[in-house]
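K.L.:
Quick note: the sequence shown, position 27, residue 26 per numbering that gives the first Met the number 0, numbers continuous. To start, I am sharing the structure in question, which I have written as structure tokens.
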Amino acid sequence: MVIEYMGDILRAEVAMRKELLYKAKNRPAYMFRIDSERVIDATRSGSPARYINHSCSPNCVAEVVTFERGHKIIISAARRIERGEELCYDYKLTPVADQSKIPCHCGAANCRKWIN
Ligand SMILES: [Zn+2]
């Protein structure tokens, strides 16, 4: 385990409204979708895990771990990580239509060109 992705757990509808609010305030939103109903909003109260970038060839993996009292997002090493190496994981975002596609700049040989 490297770090837990912490934040406020919100219903998906609430998370969508908050994301629009953050955009209106020109504030970056840090969110992690647990499943179709719940999202972790790390924008205001998250751990440093929110700053971990996406990569198409990641050295970490993000896993949803279910506990008796809820869920946690755990970022774990997927291989040996060298000192000073940037942490990254595959965001595994659902592909979307062209207008809202986010270009990927991970630089991996197998880069998919888009994060979503
Ligand atoms: Zn990439």
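All C-beta atoms, glycine included, are put in the ideal place defined by N, C-alpha and C. Computed from a predicted structure; not experimentally measured.
Out of Ala23, Val1, Glu18 and Lys100, which one is the CA nearest neighbour of Tyr29?
P.N.:
One-based indexing of the sequence shown puts residue 29 at position 30. Comparing Cα positions, the closest option is Glu18.
K.L.:
From the DSSP output, in three-state form, read off Ser99 for me.
P.N.:
Stepping through the sequence shown from its first residue, residue 99 is reached at position 100. Three-state DSSP puts Ser99 in a helix.
K.L.:
Give every residue of the same chain whose Cβ lies closer than 8 Å to the Cβ of Val64, excluding the five residues on either side of it in the sequence, and list them in chain order.
P.N.:
Here the question's residue 64 lines up with position 65 in the sequence shown. Counting only Cβ-Cβ distances below 8 Å, and skipping sequence neighbours, we find His70, Lys71, Ile72 and Ile73.
K.L.:
Using a Cβ-Cβ distance cut-off of 8 Å, determine whether Leu92 contacts chain C.
P.N.:
Absent here is chain C; the protein component of the structure consists of one chain.
K.L.:
Leaving out five residues before and five after Ser46 in sequence, what residues of the same chain have Cβ atoms less than 7 Å from its Cβ?
P.N.:
What you label residue 46 is simply residue 47 of the sequence shown in a count that begins at 1. Ile2, Glu3, Tyr4 and Met5, listed in sequence order.
K.L.:
Within 10 angstroms of the Cβ of Arg26, are there 16 or more other Cβ atoms? Answer buried if so, exposed if not.
P.N.:
Start at 1 with the first residue of the sequence shown, and residue 26 comes out as number 27. Exposed: under 16 other Cβ atoms inside 10 Å.
K.L.:
Buried or exposed for Val38, please, with buried defined as at least 16 other CB atoms from any protein chain shown within 10 angstroms of its CB.
P.N.:
On the sequence shown, residue 38 is found 39 positions in, with the first residue counted as 1. Looking at its Cβ environment, which holds 16 or more other Cβ atoms inside 10 Å, Val38 is buried.
K.L.:
So is the beta-carbon of Cys87 under 7 Å away from any non-hydrogen atom of ligand 1?
P.N.:
Numbered from 1 along the sequence shown, position 88 holds the residue referred to as residue 87. It does not: the Cβ of Cys87 is nowhere closer than 7 Å to a heavy atom of ligand 1.
K.L.:
If you measure between the beta carbons of Cys103 and His53, is that distance less than 8 Å?
P.N.:
Translated into positions along the sequence shown, residue 103 becomes position 104. Translated into positions along the sequence shown, residue 53 becomes position 54. Yes, these two residues count as a Cβ contact at 8 Å.
K.L.:
Please find out if some non-hydrogen atom of ligand 1 comes closer than 7 Å to the beta-carbon of Pro59.
P.N.:
Working through the sequence shown from its first residue, we reach residue 59 at position 60. It should be noted that the sequence gives Cys, not Pro, for residue 59. No, the beta carbon of Cys59 sits no closer than 7 Å to any heavy atom of ligand 1.
K.L.:
What three-state label does DSSP hand Glu18 in the structure shown?
P.N.:
By one-based count along the sequence shown, residue 18 stands at place 19. Correct three-state label for Glu18: helix.
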